[in-house]
Amino acid sequence: MNILADPVTLAVLIAAVILLGMAKGGLAGVGALATPLAALVLPPATAAALLLPILIVQDVISVWAFRKTWDGWIIGWMLPGAAAGVAAGWVYAERVNEAQLMAALGAITLAFGLYRLWVERGGRIVAASRSPGWVGTIFGAIMGLTSQIAHAGGPPFQMWVTPRKLPHLAFIGTSAILFAIVNWMKVPAYLALGAFPREVVVAALLLMPLAIVSTLLTVRWMKAMNPERFYVLIYALMVLLGAKLLWDGLGR
1 MNILADPVTL
11 AVLIAAVILL
21 GMAKGGLAGV
31 GALATPLAAL
41 VLPPATAAAL
51 LLPILIVQDV
61 ISVWAFRKTW
71 DGWIIGWMLP
81 GAAAGVAAGW
91 VYAERVNEAQ
101 LMAALGAITL
111 AFGLYRLWVE
121 RGGRIVAASR
131 SPGWVGTIFG
141 AIMGLTSQIA
151 HAGGPPFQMW
161 VTPRKLPHLA
171 FIGTSAILFA
181 IVNWMKVPAY
191 LALGAFPREV
201 VVAALLLMPL
211 AIVSTLLTVR
221 WMKAMNPERF
231 YVLIYALMVL
241 LGAKLLWDGL
251 GR
């Protein structure tokens, strides 16, 4: 079976890969839309398995591009929680209600994005931007869980990291390195579940060139972007992403 033989499936997967490329290039969070989009034309487990090798290849590009700008303190606190979240997603995969999880994640992301946009426009009640490191571990666990289930770890990462107002390239670099590690953590679970039959591997390989090009183009765009506009753009994308995840989760 050739997964890409159907024109509609091919078009949807192309859109999903471009979203992943944009996320890996620096527009953190939009990649969470890729798996729900691919699941419109493929079984959810197949969609997630097909996208994982693509994510790993894109990680190589984003880590290399932003290797000099990252925050080790954030990674150090979030990574242990992320590992626990990935493990929980693996162990409890059959018991987790994905629709409810995505709806809850969408609602929280939507509310957070709207709130942060309000703060950017002069709102006076400012969220704690220097919360202790253990809070990051909690958000890391949520990130790992949602990443394992649906490659949707971006919003929890953003919720803890964006209020810290890192330089925009440091934000992107931190995200790139953290998610590169997390994606490799997910590989054993996918292998154990037999998620990579030949047709999935072939489809992923055929989509790789597009994955690489879309990531490189977004990296170039992010490096040229005005830093003052970066966070406003990220919060606006969080609002759209949160609304989409909430809509999809409630619609299942």
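Under the UniProt record's numbering, the residue at position 246 of the sequence shown is numbered 246, and the numbers go up by one with no gaps. Note that beta-carbon positions come from the ideal geometry of N, C-alpha and C, so glycine has one too. If you're wondering where the values come from, they're calculated on a predicted model, not measured in any experiment.
Sequence-distant partners of threonine 35 (beyond 5 residues in either direction) whose C-beta falls short of 8 Å from its own C-beta, in its chain, are Ala16, Pro44, Ala47, Ala48, Leu51, Ala150, His151, Ala152.
Closest in alpha carbon position to tyrosine 92, among Ile138, Leu145, Ile56, is Leu145. When secondary structure is reduced to three states using DSSP, aspartate 248 falls in the helix class. For the pair glycine 242 and leucine 110, the CB atoms are nearer than the 7 Å cut-off. Judged by pairs of C-beta atoms under 8 Å, the region 193-211 does not touch the region 129-144, as fewer than three such pairs exist. Per DSSP, alanine 195 lies in no alpha helix (DSSP H) and is assigned neither H nor E.
Nearest to tyrosine 235 by alpha-carbon distance, out of Leu40, Ala224, Pro156, is Pro156.
Within the model, the alpha-carbon separation for leucine 216 versus leucine 55 is close to 13 Å. A straight line joining the alpha-carbon of methionine 238 with that of glycine 72 spans about 24 Å.
At a Cβ-Cβ threshold of 7 Å, alanine 141 and glycine 194 do not count as neighbours.
Between valine 182 and glycine 25, the C-beta spacing is not below 7 Å.
Of all alpha-carbon atoms in Val57, Trp160, Ala180, Gly173, the one lying nearest the alpha-carbon of glutamine 148 is that of Ala180. Around the CB of valine 200, 16 or more other CB atoms lie within 10 Å, so the residue is classed as buried. When rounded, the separation of the alpha-carbon atoms in alanine 104 and isoleucine 14 is 27 Å. Straight-line measurement puts the Cα of proline 7 at about 31 Å from the Cα of asparagine 97. Phenylalanine 157 sits in a helix when the DSSP states are folded into three classes.
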